[in-house]
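Notes to accompany the following structure.
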Amino acid sequence: MDTIINSSSEAWGPEASLDAAVSSKRTYLLFGLGFCGLLAIWHYLTPSQHGQVKEPPAVSPSIPLIGHFLGFYQQGIQYLETLRRKTPWPAFTIKLFSIKTYVVTTPALSHVALRSKSLSLEPLSATVATRMLGLSKAADRHFGIDERGEFVGSPTLGERRVEFSKLLGSGSTLSEPSQVASNAVADAVNKFDSNWESHDLFMWLRDVITVGTVAGLYGPKNPVALDPTLIEDIWTFDENQLRLSWGIFPKLVAPAGVRAVNRISAAFENYIHSGNDKLGSAAVQTTIAALKRLGLSDNDYSRLEVFNISVATVNTVPTAVSMISAILADPKLLFALRDEVQAIAATTTPPTKKHAQLDMAAAQTACPLLIACYQEALRIGSLPTCNRAVLEDTTLVDPDTGVAVAMQKGHRVSIPTFMLHGRDQIWGGDAQKFDPWRFMPGGSAADAKGRAREQGFVPYGGGVHLCPGRHLAKAEILASGALMVMALDFVVGGEMAGASAAEVRAKESKSGAKKPKAAERMVRIRRREGWEDVVWSVKA
Ligand SMILES: *[C@@H]1O[C@H](CO)[C@@H](O)[C@H](O)[C@H]1NC(C)=O
Numbered sequence: 240m241d242t243i244i245n246s247s248s249e250a251w252g253p254e255a256s257l258d259a260a261v262s263s264k265r266t267y268l269l270f271g272l273g274f275c276g277l278l279a280i281w282h283y284l285t286p287s288q289h290g291q292v293k294e295p296p297a298v299s300p301s302i303p304l305i306g307h308f309l310g311f312y313q314q315g316i317q318y319l320e321t322l323r324r325k326t327p328w329p330a331f332t333i334k335l336f337s338i339k340t341y342v343v344t345t346p347a348l349s350h351v352a353l354r355s356k357s358l359s360l361e362p363l364s365a366t367v368a369t370r371m372l373g374l375s376k377a378a379d380r381h382f383g384i385d386e387r388g389e390f391v392g393s394p395t396l397g398e399r400r401v402e403f404s405k406l407l408g409s410g411s412t413l414s415e416p417s418q419v420a421s422n423a424v425a426d427a428v429n430k431f432d433s434n435w436e437s438h439d440l441f442m443w444l445r446d447v448i449t450v451g452t453v454a455g456l457y458g459p460k461n462p463v464a465l466d467p468t469l470i471e472d473i474w475t476f477d478e479n480q481l482r483l484s485w486g487i488f489p490k491l492v493a494p495a496g497v498r499a500v501n502r503i504s505a506a507f508e509n510y511i512h513s514g515n516d517k518l519g520s521a522a523v524q525t526t527i528a529a530l531k532r533l534g535l536s537d538n539d540y541s542r543l544e545v546f547n548i549s550v551a552t553v554n555t556v557p558t559a560v561s562m563i564s565a566i567l568a569d570p571k572l573l574f575a576l577r578d579e580v581q582a583i584a585a586t587t588t589p590p591t592k593k594h595a596q597l598d599m600a601a602a603q604t605a606c607p608l609l610i611a612c613y614q615e616a617l618r619i620g621s622l623p624t625c626n627r628a629v630l631e632d633t634t635l636v637d638p639d640t641g642v643a644v645a646m647q648k649g650h651r652v653s654i655p656t657f658m659l660h661g662r663d664q665i666w667g668g669d670a671q672k673f674d675p676w677r678f679m680p681g682g683s684a685a686d687a688k689g690r691a692r693e694q695g696f697v698p699y700g701g702g703v704h705l706c707p708g709r710h711l712a713k714a715e716i717l718a719s720g721a722l723m724v725m726a727l728d729f730v731v732g733g734e735m736a737g738a739s740a741a742e743v744r745a746k747e748s749k750s751g752a753k754k755p756k757a758a759e760r761m762v763r764i765r766r767r768e769g770w771e772d773v774v775w776s777v778k779a
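Under the working numbering, think of the first position of the sequence shown as 240, with each following residue one higher.
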């Protein structure tokens, strides 16, 4: 998951603020202002001298001063793509007053940037999180902000991140939450019968995935299980992140956002006070213990979880929706997947009900097309903007072209992955089209064994800030895909039926919105013919 602003997949860090923008012009304006505001906020150190290596060329707007604002206002995040075309360099600089953002635009250079030790997300998270979540002064220290309000770094923050990633990386501390999350999808699928029901695919998956993810991470007595209306608050928070991050009169500028933060954090305070955290995953329990050791208050803990719970859910949902809607738009693909997933289904016929269990560990080798659909959904549906602060003057070399670019301490780096995931040159043409075959062995996005390319494919961000929840998200998205194609029949109505995935995607990426419009998402769902009486389950 990604400035703490939206939480696209380099989740758990301040990324993706850029694609938090939604469709209206007004939002573009806010976006433009926010972008510039953030630059101002994050410019925390003075620039130093030049070497011979040059900084990426500064692209100047056609109208001085207000040009960049106008560009974002009119084009949203796509404005960055317009700027990219103005220079052959693998990066360009947006300069606003004394603040520079180096926007990295090629797969090879972003690969290097994400791995550079001189670039870090932490100064950005530190400033933005405290502002956005309304943390106490005491929490500053834990983020590595000193009394003067300057970022000096905190080793424990990194240690916690490593520990958290490890627990959600493999073994039973991953498989338990994955199992719980997948069970939630199976429960939802089992509720259908042979009658057609109309559903908004996005909302249906949103609720199912949120309930599952949150139960997997926080246990059966989690805040969402006790109060499902919090799901709406999680999305409200996500939509308000950019405005909250400005830190200027939040109650006036983002009243709904403030209310959502308060509601979610109150529920987490209650969670920890009533001891329900004892039933949470190892990752969550370890975090709570670590924060207690650091002397962080329950209130600050609860506020931090507002961010984590949002990152953990708002990125998984659009990816799952991209995948399912593309499958539903292509009957041949749906039938091919049914054939493939059949191989991992074990059916039994006990006296009362028929059972079918999907073995998701076996899917790793037995279901290459399903995995390819997941990769392709990530490429199209998970577009974090990875933001970093430059910790010290540094030179990055683009391995493809040999071009060296200088970056000065105190400025910012931005890697908008929509530019990488959506460019024809990088993906063998037709990058806007959902085409899982490109991730199959020998396809343009995979090697002969079907391993996905690494360069230019960063749905979960990268480097030390690679999303720790990626394995859990993968388990859940694959389980949703497998269960839905096997257990259900669909009729796709409204606009989505006519529109190709590419058209839907093009609309979404223009608006930068994570939610397709309601009319594009209506589907009718029932149990798959011939499988009406089967009880489905998943072995994660
Ligand atoms: C939130 O997620 C991060 C990993 O990105 C983790 O280190 C941290 O412990 C989690 N929980 C809280 C309350 O910060």
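Don't be surprised by glycine CBs; every beta carbon is placed ideally from N, CA and C.
- By the neighbour-count criterion, in which 16 or more other beta carbons inside 10 Å mark a residue as buried, residue 488 falls on the exposed side.
- In the three-state reduction of the DSSP assignment, residue 557 falls in the helix class.
- Counting the other Cβ atoms within 10 Å of the Cβ of residue 339 gives 16 or more, which makes it buried.
- Setting aside the 5 residues that flank it on each side, residue 373 is surrounded in the same chain by 500, 542, each with a C-beta closer than 7 Å to its C-beta; the list follows chain order.
- Per DSSP, residue 423 is one residue of the alpha helix (DSSP H) stretching across 411–429.
- Within the same chain, Cβ atoms closer than 8 Å to the Cβ of residue 563 are found at 440, 444, 719, 720, 723, the five residues on either side in sequence being excluded.
- Separation of the CB atoms of residue 595 and residue 584 is rounded to 5 Å, and the pair is thereby assigned contact status at 8 Å.
- Secondary-structure assignment with DSSP links residue 598 through a beta bridge to 778.
- Ligand 1 has no heavy atom closer than 7 Å to the beta-carbon of residue 303.
- Residue 436 carries a strand assignment under DSSP once its states are collapsed to helix, strand and coil.
- Looking at 317, 292, 510, the one whose alpha-carbon comes closest to that of residue 540 is 510.
- Distance from the CA atom of residue 418 to the CA atom of residue 568, rounded to whole angstroms, is 29 Å.
- Looking at 507, 646, 630, the one whose alpha-carbon comes closest to that of residue 294 is 646.
- Here residue 640 is exposed, its C-beta having fewer than 16 other C-beta atoms within 10 Å.
- Residue 369 sits close to residue 379, with the two beta carbons spaced by under 8 Å.
- A distance criterion of 7 Å places the beta-carbon of residue 361 beyond contact range of ligand 1, judged by its closest non-hydrogen atom.
- Burial is judged here by how many other beta carbons sit within 10 angstroms of a residue's own beta carbon; residue 552 has at least 16 and is buried.
- Straight across, the Cα-Cα distance linking residue 715 with residue 423 is about 9 Å.
- Within its own chain, the residues whose Cβ lies closer than 8 Å to the Cβ of residue 728, once the five positions on either side in sequence are excluded, are 764, 765, 766, 767, 768, listed in chain order.
- The alpha-carbon of residue 606 is positioned some 20 Å away from that of residue 619.
- Residue 508 has its CB no nearer than 7 Å to any heavy atom of ligand 1.
- Apart from the 5 residues on each side of it in sequence, residue 463 sits with its Cβ closer than 7 Å to the Cβ of 449, 450, 453, 469, 470 in its chain, given in chain order.
- Spatial neighbours of residue 492 in its own chain (CB-CB distance under 6 Å, excluding positions within 5 residues in sequence) are listed in chain order as 482.
- Of the other Cβ atoms in all chains shown, fewer than 16 fall within 10 Å of the Cβ of residue 690; this residue is therefore exposed.
- Here residue 477 is buried, its C-beta having at least 16 other C-beta atoms within 10 Å.
- A direct Cα-Cα distance of roughly 13 Å separates residue 527 from residue 400.
- Excluding sequence positions up to five before and after residue 663, its CB lies within less than 6 Å of the CB of 670, all in the same chain and listed in chain order.
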